[in-house]
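Notes follow the structure.
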Amino acid sequence: MPASKISKDDLKRHLSEKLTDYTLVGPVKSRLAYKFDVISNVDRLEIEYTTTVLPPKKQFMPTVEPLIRFQGDGTAQLPLIPTDRPVALVALHSCDLIATDLIDTIFATAPGDPYYKTRRENAVILGVRCMEPCDTHAFCNAMGTLDQKGGADIFLTPLDHHFLVEPLSKKGETFLAGAALSHSGDEDAQAVGRIANERDKQFRSQEKVDLKALSDAMTTSRDHEIWDELAGECLACGTCNITCPTCYCFDMCDKMELSLVDGERRRSWDSCQLREFAEVAGGENFRGTRADRQRHRFFRKGKYLFDRYDLTGCVGCGRCVRQCVADIDPLEVYQRLLERRSARV
Amino acid sequence: MAKPRIAFFDFACCEGCQLQVINLEAELLDVLDHVDIVTFREAMSEKSDDYDIAFIEGSITRASDIPRLEKIRENATVLIALGACATIAGVNALKNRRTPQENLRIVYGDDGDKFETFPVRPIDQVVEVDYYLHGCPIDKNEFLEMVKALLMGTAPKQWTSAVCVECKLRENECVYDLGRLCMGPISRGGCDAICPAYGNSCEACRGILPDANIPSMVEVLKAHGASEAEIERRFTNFTAIDKLVQEMEQPQ
Numbered sequence: 008m009p010a011s012k013i014s015k016d017d018l019k020r021h022l023s024e025k026l027t028d029y030t031l032v033g034p035v036k037s038r039l040a041y042k043f044d045v046i047s048n049v050d051r052l053e054i055e056y057t058t059t060v061l062p063p064k065k066q067f068m069p070t071v072e073p074l075i076r077f078q079g080d081g082t083a084q085l086p087l088i089p090t091d092r093p094v095a096l097v098a099l100h101s102c103d104l105i106a107t108d109l110i111d112t113i114f115a116t117a118p119g120d121p122y123y124k125t126r127r128e129n130a131v132i133l134g135v136r137c138m139e140p141c142d143t144h145a146f147c148n149a150m151g152t153l154d155q156k157g158g159a160d161i162f163l164t165p166l167d168h169h170f171l172v173e174p175l176s177k178k179g180e181t182f183l184a185g186a187a188l189s190h191s192g193d194e195d196a197q198a199v200g201r202i203a204n205e206r207d208k209q210f211r212s213q214e215k216v217d218l219k220a221l222s223d224a225m226t227t228s229r230d231h232e233i234w235d236e237l238a239g240e241c242l243a244c245g246t247c248n249i250t251c252p253t254c255y256c257f258d259m260c261d262k263m264e265l266s267l268v269d270g271e272r273r274r275s276w277d278s279c280q281l282r283e284f285a286e287v288a289g290g291e292n293f294r295g296t297r298a299d300r301q302r303h304r305f306f307r308k309g310k311y312l313f314d315r316y317d318l319t320g321c322v323g324c325g326r327c328v329r330q331c332v333a334d335i336d337p338l339e340v341y342q343r344l345l346e347r348r349s350a351r352v
Numbered sequence: 046m047a048k049p050r051i052a053f054f055d056f057a058c059c060e061g062c063q064l065q066v067i068n069l070e071a072e073l074l075d076v077l078d079h080v081d082i083v084t085f086r087e088a089m090s091e092k093s094d095d096y097d098i099a100f101i102e103g104s105i106t107r108a109s110d111i112p113r114l115e116k117i118r119e120n121a122t123v124l125i126a127l128g129a130c131a132t133i134a135g136v137n138a139l140k141n142r143r144t145p146q147e148n149l150r151i152v153y154g155d156d157g158d159k160f161e162t163f164p165v166r167p168i169d170q171v172v173e174v175d176y177y178l179h180g181c182p183i184d185k186n187e188f189l190e191m192v193k194a195l196l197m198g199t200a201p202k203q204w205t206s207a208v209c210v211e212c213k214l215r216e217n218e219c220v221y222d223l224g225r226l227c228m229g230p231i232s233r234g235g236c237d238a239i240c241p242a243y244g245n246s247c248e249a250c251r252g253i254l255p256d257a258n259i260p261s262m263v264e265v266l267k268a269h270g271a272s273e274a275e276i277e278r279r280f281t282n283f284t285a286i287d288k289l290v291q292e293m294e295q296p297q
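Respectively, the protein sequence lines represent chains D and S. Every position in the first sequence, counted from 1, becomes a number in our numbering once 7 is added. Every position in the second sequence, counted from 1, becomes a number in our numbering once 45 is added.
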């Protein structure tokens, strides 16, 4: 497909027209923070934004959702997930696109999670290229996710007055039908290259994390002193997990009605940094200390998912470090682990 | 099967937590399908010493409270601490910053010697408590969940996660980003982060989590400009200091 572009006004107009057929979800600003929300007026949409508090994953896996409803007479029903209107999830950064790929691998690959799959298949995703670091904490460049298009159906690149537009799937093409696209020439591609060069220098670290080396380093880092150091700082507040686009652990509980026989089973986002997470009947806790829990967090990001799926479990979005009041920084952790490894070799 | 008999009692408190129970207007009649309320000073005149479940609001502030509470413990099969005054001493804990004699003088002046008082304590420093309903005030829906669990014979949820969990789930901007101090990272949740959701600091009204990383929290507060005195105030607004020390001494 030849390269095309759309003026910023025309894109807004197109999105506005799409409100007839699609439920639009995108970043909006509330006081200081951005969050993904349903948009009924395109003027609220902030296509160029710093990263949201929660990742867009919540669109496919709500923070709390009913899994089954049951009654005292032994009957039960699955909740109806409406799919009569497709959802257009707008303006995902590359980090969140790659995170969506990862969650798809786990929840949408056979046999898959029907709740997640239903919502995911009902959505068209518009990604947007970051033309500057979204904030000082981001390290997507170091994790190799910057400029990646991942699970996007359409990928937009913002320039001064227009967006370059790349449809990446049938869904994307359908969404773009009728949009005022025009031909984009070499000069646009060159402009993107120039801006990207300048952008890359602004990230806090210029070095790429070697994902294979990181996984290997973790293999021999079970007793690394860093886990006790992190335990000294960590407040076990759960923020890092809750805001992470690649965390997907959940808890399940039954919410009963006052009849005491009718109710629903719900799942809700959980965090492995919380004391109760690995606690089992009888009070035994498999990760009873903060050091155990921090190690688990980073092993899962850097090792378990990489070893199993060849995917990085950390996309460098920077949400966790931005929101950690104790300033625990994953990039520093990876660098420390890799340092010791290179010192040994 | 006979309905379980429920009784409410109060010690030093504002009775606001019992008011939260009464505020369950839409559900109260359905609750009464399952239980008999036999003592509830705030809502009815009748009284009885024959009950299965006792909800205790308020903290223990004088020697004569102790035998009364011990008697309730003896009568009840299940005893539940209702609200911050009962669970962690609540705002009553403020008085522990002074000696009992000073408190008597400030409040009653020359008549101080006519009253009894001692350092305030939560009820679990006097009798064994089976379950806790935290908060100032309690969340009425959490009370309802507690009652349902007791009726079904399942373990009531006892929150062990920090306020930050629910705060982030609501996508609030961090109170620290608003330029204020907040105890949320180490304070017991279950409140749906209601204070930060309206731009206010968490004051730890549900208590400091038993395995909280207190040294690191102190560092965070200092890094955000809190003085030593300010830090002590933050930790002890709602929590009697000896309760805090007792919790800190639990294995990490």
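Yeah, the Cβ is synthetic: ideal placement off N, Cα and C, and Gly gets one too.
Reducing DSSP to helix, strand and coil, say where residue 276(D) ends up. Taking the first residue of the first sequence as position 1, residue 276(D) is located at position 269. Three-state DSSP puts residue 276(D) in a strand.
Going residue by residue through the stretch 270-316 of chain D, where are the continuous beta strand (DSSP E) segments of at least 3 residues, counting only ones entirely within it? Runs of the beta strand (DSSP E) inside the stretch 270-316 of chain D: 270-276.
Can you list, in chain order, the stretches of the alpha helix (DSSP H) that have 4 or more residues and sit fully within the stretch 134-171 of chain D? With a minimum length of 4 residues, the continuous alpha helix (DSSP H) runs that stay inside the stretch 134-171 of chain D are 147-150.
Could you give the C-beta distance for residue 49(D) and residue 19(D), rounded to a whole number, given that I count them as a contact under 8 Å? Numbered from 1 along the first sequence, position 42 holds the residue referred to as residue 49(D). Numbered from 1 along the first sequence, position 12 holds the residue referred to as residue 19(D). Taking 8 Å as the upper bound for CB-CB distance, residue 49(D) and residue 19(D) are in contact here, some 5 Å apart.
Measure from the alpha carbon of residue 90(D) to the alpha carbon of each residue in 34(D), 209(D), 124(D), 308(D), then state which is nearest. Walking along the first sequence from the start, residue 90(D) turns up at place 83. Looking only at 34(D), 209(D), 124(D), 308(D), the smallest Cα-Cα distance to residue 90(D) is reached by 124(D).
What does residue 249(D) touch in chain S if you count any residue whose Cβ is under 7 Å from its own? As a first step, residue 249(D) must be located in the first sequence, where it is residue number 242. Neighbourhood of residue 249(D) in chain S, by CB distance below 7 Å: 210, 213, 214, in chain order.
7 Å Cβ cut-off: residues of chain D touching residue 230(S): The residue given as residue 230(S) occupies position 185 in the second sequence. Against chain D, the beta carbon of residue 230(S) has neighbours under 7 Å at 242, 244, 332, listed in chain order.
Any chain D beta carbon closer than 9 Å to residue 297(S): Your numbering for residue 297(S) matches position 252 in the second sequence. Residue placement at residue 297(S) is poorly supported in this model, since its pLDDT is 43, which falls under 50; the coordinates still yield a value, given next. So, interface residue.
Residues from the stretch 73-93 of chain S in contact with chain D, defined by Cβ distance under 9 Å: In summary, the residues of the stretch 73-93 of chain S whose CB is separated from some CB of chain D by less than 9 Å are 75, 76, 78, 79, in the order they occur in the chain.
Under 9 Å by beta carbon: chain S residues contacting residue 282(D): For the purposes of this step, residue 282(D) is taken as residue 275 along the first sequence, with counting starting at 1. Those are 205, 206, 254, 255, 256, listed as they occur along chain S.
Can you pull the chain D neighbours of residue 196(S), defined as C-beta to C-beta under 8 Å? Numbered from 1 along the second sequence, position 151 holds the residue referred to as residue 196(S). The answer, in chain order, is 267.
Rounded separation between residue 273(S) and residue 264(S) - CA only: As a position in the second sequence, residue 273(S) is number 228, starting the count at 1. As a position in the second sequence, residue 264(S) is number 219, starting the count at 1. Cα-Cα distance, rounded: 11 Å.
Nearest by alpha-carbon distance to residue 141(D): which of 207(D), 83(D), 177(D) is it? For the purposes of this step, residue 141(D) is identified with residue 134 of the first sequence, where counting begins at 1. Nearest option by C-alpha distance: 207(D).
Would you grab the beta carbon distance between residue 246(S) and residue 227(S) for me? Rounded to a whole angstrom, and I think it's under 8 Å. If you number the second sequence from 1, residue 246(S) lands on position 201. If you number the second sequence from 1, residue 227(S) lands on position 182. Indeed, because the Cβ distance is near 5 Å, the residues count as touching under 8 Å.
Would you say residue 193(S) faces chain D, with C-beta separation under 9 Å as the test? Numbered from 1 along the second sequence, position 148 holds the residue referred to as residue 193(S). True, the Cβ-Cβ gap to chain D drops below 9 Å.
Which residue from 45(D), 244(D), 60(D), 340(D) puts its Cα closest to that of residue 209(S)? Here residue 209(S) is taken as the residue at index 164 of the second sequence, counted from 1. Across the set 45(D), 244(D), 60(D), 340(D), the C-alpha of 244(D) shows the shortest separation from the C-alpha of residue 209(S).
Can you tell which of 63(D), 120(D), 103(D), 97(D) has the C-alpha that lies nearest to the C-alpha of residue 88(D)? Looking up residue 88(D) in the first sequence gives position 81. Among 63(D), 120(D), 103(D), 97(D), the Cα nearest to that of residue 88(D) belongs to 120(D).
For residue 108(D) and residue 125(S), the rounded distance between their alpha carbons: Numbered from 1 along the second sequence, position 80 holds the residue referred to as residue 125(S). Numbered from 1 along the first sequence, position 101 holds the residue referred to as residue 108(D). Rounded to the nearest whole angstrom, the CA to CA distance from residue 125(S) to residue 108(D) is 47 Å.
Assign residue 86(S) to buried or exposed, taking buried as 16 or more other Cβ atoms, counted over all protein chains shown, within 10 Å of its Cβ. Within the second sequence, residue 86(S) is the residue found at index 41, counting from 1. With fewer than 16 other CB atoms across the displayed protein chains lying within 10 angstroms of its CB, residue 86(S) is exposed.
Run through the DSSP bridge pairs and tell me what residue 101(S) is partnered with. Within the second sequence, residue 101(S) is the residue found at index 56, counting from 1. Beta-bridge pairing links residue 101(S) to 54(S), 126(S).
What residues in the stretch 261-281 of chain S bring their beta carbon closer than 9 Å to a beta carbon of chain D? Here the close residues are 261, 262, 264, 265, 268, 269.
Residue 82(S): first and last residue of the uninterrupted beta strand (DSSP E) it sits in: Stepping through the second sequence from its first residue, residue 82(S) is reached at position 37. Here the beta strand (DSSP E) through residue 82(S) covers 81-84.
Write down the C-beta distance between residue 178(S) and residue 187(S) rounded to the nearest angstrom, noting that I regard them as a contact closer than 8 Å. Along the second sequence, read from residue 1 onward, the residue named residue 178(S) stands at position 133. Along the second sequence, read from residue 1 onward, the residue named residue 187(S) stands at position 142. The pair is a contact, with the Cβ atoms about 6 Å apart (cut-off 8 Å).
Starting from residue 261(S), trace the alpha helix (DSSP H) in both directions and tell me its first and last residue. For the purposes of this step, residue 261(S) is identified with residue 216 of the second sequence, where counting begins at 1. Per DSSP, the unbroken alpha helix (DSSP H) holding residue 261(S) starts and ends at 259-268.
Nearest to residue 198(S) (by Cα), restricted to the options 82(S), 123(S), 88(S), 162(S): As a position in the second sequence, residue 198(S) is number 153, starting the count at 1. Of the residues 82(S), 123(S), 88(S), 162(S), the one whose Cα lies closest to the Cα of residue 198(S) is 123(S).
Per-residue burial, residue 154(S) [other beta carbons within 10 Å of its own, 16 or more giving buried]: Taking the second sequence and counting its residues from 1, one reaches residue 154(S) at position 109. Here residue 154(S) is exposed: its Cβ has fewer than 16 other Cβ atoms, across all protein chains shown, within 10 Å.
Short of 6 Å in beta carbon distance, which residues of its chain neighbour residue 92(D), apart from the five on each side in sequence? Order them along the chain. Residue mapping note: residue 92(D) aligns to position 85 of the first sequence, counting from 1. Excluding sequence neighbours, residue 92(D) sits near 30.
Sorted by chain position, which residues of the same chain lie with C-beta nearer than 7 Å to residue 111(D)'s C-beta, five sequence neighbours on each side aside? Numbered from 1 along the first sequence, position 104 holds the residue referred to as residue 111(D). Contacts found: 127, 158.
Answer with buried or exposed for residue 160(S), where buried requires no fewer than 16 other C-beta atoms within 10 angstroms of its C-beta. Numbered from its first residue, the second sequence carries residue 160(S) at position 115. Within 10 angstroms of the beta-carbon of residue 160(S) lie fewer than 16 other beta-carbons, which makes it exposed.
Tell me which residue opens and which closes the beta strand (DSSP E) that residue 75(D) is part of. Translated into positions along the first sequence, residue 75(D) becomes position 68. Per DSSP, residue 75(D) belongs to the beta strand (DSSP E) from 71-77.
Starting from residue 112(D) and walking both ways along the alpha helix (DSSP H), at which residues does that stretch end? Translated into positions along the first sequence, residue 112(D) becomes position 105. That run of the alpha helix (DSSP H) goes 101-114.
Tell me, which residues are paired with residue 5(D) by DSSP? Past the boundaries of the shown model lies residue 5(D); chain D is included only from 8 to 352, so the question cannot be answered.
Classify residue 90(D) as helix, strand or coil using the three-state DSSP reduction. Within the first sequence, residue 90(D) is the residue found at index 83, counting from 1. In the displayed model, residue 90(D) falls within coil according to three-state DSSP, outside both helix and strand.
Where do the ends of the alpha helix (DSSP H) carrying residue 191(S) lie? Taking the second sequence and counting its residues from 1, one reaches residue 191(S) at position 146. For residue 191(S), the enclosing alpha helix (DSSP H) starts and ends at 185-197.
So residue 171(D) and residue 101(D) are supposed to be a Cβ contact under 8 Å. How far apart are they, rounded? For this step, residue 171(D) is matched to residue 164 along the first sequence. For this step, residue 101(D) is matched to residue 94 along the first sequence. Rounded, the Cβ-Cβ distance is 14 Å, inconsistent with contact.
Say whether chain D places a C-beta atom closer than 9 Å to the C-beta of residue 222(S). The residue given as residue 222(S) occupies position 177 in the second sequence. At least one chain D Cβ lies under 9 Å of residue 222(S).
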